[in-house]
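Report on one structure; see the data block that follows.
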Amino acid sequence: MIRENFLKEGYTEAGNSDEADVCVVNTCTVTSTSDSKSLKSIRSGLRKKDKCVVATGCMINDRDLDLAKLKGVDFIIKNKDKYKIPKIIQQSLEPSALSPQPSGSITWFEGHSRAFVKVQDGCNNRCSYCKVSIVRGRSRSRASEEVFRECETLIKNGYKEIVLTGICLGAYGRDISNSVDLSRLIKELCRIKGDWRIRLSSIEPKDVVDGLISQMRSEDKLCKHLHIPFQSGDDDILKRMNRPYAAGDYIGIVNKLRKAIPDIAISTDIMVGFPGEEEANFQNTMTFIKEIRPMRLHTFGFSKRIGTPAHSYKDNVASAIKKKREHALMDAVKGFTKEFEGMFIGKIARVLVEDKRDKDDFLQGYTDRYIKVLIDGPDSAKSCLLTCQLTLTNQKAYGILLSYSD
Ligand code: SF4
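Structure (structure tokens):
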């Protein structure tokens, strides 16, 4: 969206950061590592002479941000004004040269075969470790007509997969009216004709409601893959995290999903080393993961974020222990990934091919269940939805190309 608004104002995209006149750093503050990476990018922009450096994103929205760290930055722009960055720059240079209204929509998505469409921002939950809900504010949804138009354009422009994203995607529509929700939005979007599919980026457990489950089963365009962030499988830790669930609730949701769609792909996030996470708490998470058997897992270590309740929690877990726990979880999940992929070997699947080949020059892409597949095929198949038969060689899934649609 930032890129498109610059292009609409007549700017051209630089081939690399050395050539750029304006350098926009869209910061992230979800962990302390994100803060460091954002500041590193800003400093790298500032090191280059005669550049206009713009800092925006969640780190900028953080009330506790030490502004001294942004010394030299030309424009510091809050999230709410992100969509008018070129306009703000132009106004400061030439106050009279006002441009047409910038937009918050996108029509293409650089370097990706799938397009990410943000339908919602903000979150009304208050997980005790989370800074995102603080910097992004309460949940706000985009009008469904606007989302529909954006998806229609992207599909017309050749995108074969739309990923619906949001900070709390399942809250979509609640701030608009009782009759608008994520299921209804999906239903509307699925009316857009063509050979394309839709994926949900991440959804909170409580938003995996019966309506969505039956839609996952019946709607052909909807990828049978849900990423549900569980964060922990220990009830005490979940309580301290201010997550409104117990591990048993999670297991109930997963069982319901698997009863409706036995081969659904379930992936998750687990945070390790939350303050007070003793070995026994961690072992509960380990047992939980073995019960859930996710096909993919993202782990990360707790980091203190100023302004969150967990910032003052004691009983910090040493970094070495956090790393050890992350590895233990990842090792456990490797087997589940293989087991899940094994269910599809010999079967026919649709694979959306990415723009870049893998290191051995194979095409690479993902099935609707988010299984990574390597294919020996022509460049013309990039960004296409291929129909393949899956095989397994050297522990990797390969696709025998049967046909493709571009
Ligand atoms: S649901 Fe997600 S975004 Fe909302 S407070 Fe919890 S972790 Fe943060």
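Take the sequence shown: its position 369, counting from 1, is numbered 370 in the numbering used here, and each next residue is one higher. Just so it is clear, CB atoms sit at the ideal spot from N, CA and C, and this is done for glycine as well.
Which of helix, strand or coil DSSP assigns to residue i
| i | result |
| --- | --- |
| A350 | strand |
| L298 | strand |
| A116 | strand |
| Y367 | strand |
| L223 | strand |
| V164 | strand |
| G58 | strand |
| R326 | helix |
| C24 | strand |
| M344 | coil |
| P96 | Because the pLDDT of P96 is 48, which lies under 50, any placement of that residue in the model is unreliable, and the question is left without a value. |
| D65 | coil |
| R259 | helix |
| C53 | strand |
| T154 | helix |
| I265 | coil |
| P101 | Caution is warranted here: a pLDDT of 45 is assigned to P101, below 50, making its placement in the model unreliable, and no coordinate value can be reported. |
| D141 | Per the sequence shown, residue 141 should be read as Arg rather than Asp. In this structure, R141 counts as strand in the three-state DSSP scheme. |
| V133 | helix |
| V273 | strand |
| S233 | coil |
| A248 | helix |
| Y84 | helix |
| E278 | coil |
| I43 | helix |
| D36 | helix |
| A311 | helix |
| S304 | coil |
For residue i, the residue or residues it bridges with in DSSP
| i | result |
| --- | --- |
| Y399 | L375, T392 |
| A405 | In the sequence under discussion, the amino acid at residue 405 is Tyr, which differs from the Ala named in the question. Y405 is bridged to L387. |
| F76 | V55 |
| H228 | S268 |
| L201 | L165 |
| Q121 | S142 |
Counted within 10 angstroms of its Cβ, other Cβ atoms place residue i as buried (16 or more) or exposed
| i | result |
| --- | --- |
| M60 | buried |
| S37 | exposed |
| S219 | exposed |
| H328 | exposed |
| K315 | exposed |
| D362 | exposed |
| E20 | exposed |
| S39 | buried |
| Q396 | exposed |
| G1 | Because the chain in this structure spans residues 2 to 407, residue 1 falls outside the shown range and cannot be described. |
| P87 | buried |
| P96 | With a pLDDT of 48 at P96, under the threshold of 50, the predicted position of this residue should be treated as unreliable, though the coordinate-derived value follows. Looking at its Cβ environment, which holds fewer than 16 other Cβ atoms inside 10 Å, P96 is exposed. |
| T309 | buried |
| K72 | exposed |
| G336 | exposed |
| P101 | For P101, the pLDDT reaches just 45, beneath the cut-off of 50, and the residue's location in the model is therefore unreliable, leaving the point undetermined. |
| A98 | Legend: pLDDT at A98 = 42, less than 50; position of this residue unreliable, value from coordinates given subsequently. Result: exposed. |
| R192 | exposed |
Residue i vs residue j beta-carbon contact at 7 Å
| i | j | result |
| --- | --- | --- |
| L364 | I349 | no |
| T166 | I229 | no |
| M2 | S129 | no |
| G234 | G274 | no |
| V255 | I293 | yes |
| D122 | R141 | yes |
| V54 | L47 | yes |
| K132 | T30 | yes |
| A116 | Y84 | no |
| V148 | V120 | yes |
| I372 | E342 | yes |
| S184 | Q216 | yes |
| I238 | E278 | yes |
| N27 | G58 | yes |
| L386 | L353 | yes |
| F290 | A333 | In the sequence as displayed, the identity of residue 290 is Ile instead of Phe. For I290 and A333, yes; Cβs fall inside 7 Å. |
| V118 | N62 | no |
| D75 | K225 | no |
| A304 | S33 | Checking the sequence shown, residue 304 turns out to be Ser, not Ala. Yes. |
| R198 | K222 | yes |
| L391 | A382 | no |
Residue i at chain D interface by Cβ criterion, 7 Å
| i | result |
| --- | --- |
| N285 | Among the chains of the structure shown, chain D does not appear; only one protein chain is present. |
Closer than 6 Å to the ligand SAH: residues, by C-beta to nearest heavy atom, in chain order
Absent from the structure shown: the ligand SAH. Ligands present: the ligand SF4.
Three Cβ pairs or more, each shorter than 8 Å: is that satisfied between the segment 199-212 and the segment 249-266?
When C-beta atoms of the segment 199-212 are compared with those of the segment 249-266, three or more pairs fall below 8 Å, so the two segments count as touching.
Between the segment 327-345 and the segment 149-156, do three or more beta carbon pairs fall short of 8 Å?
In this structure the segment 327-345 does not lie against the segment 149-156, because fewer than three pairs of beta carbons, one per stretch, are closer than 8 Å.
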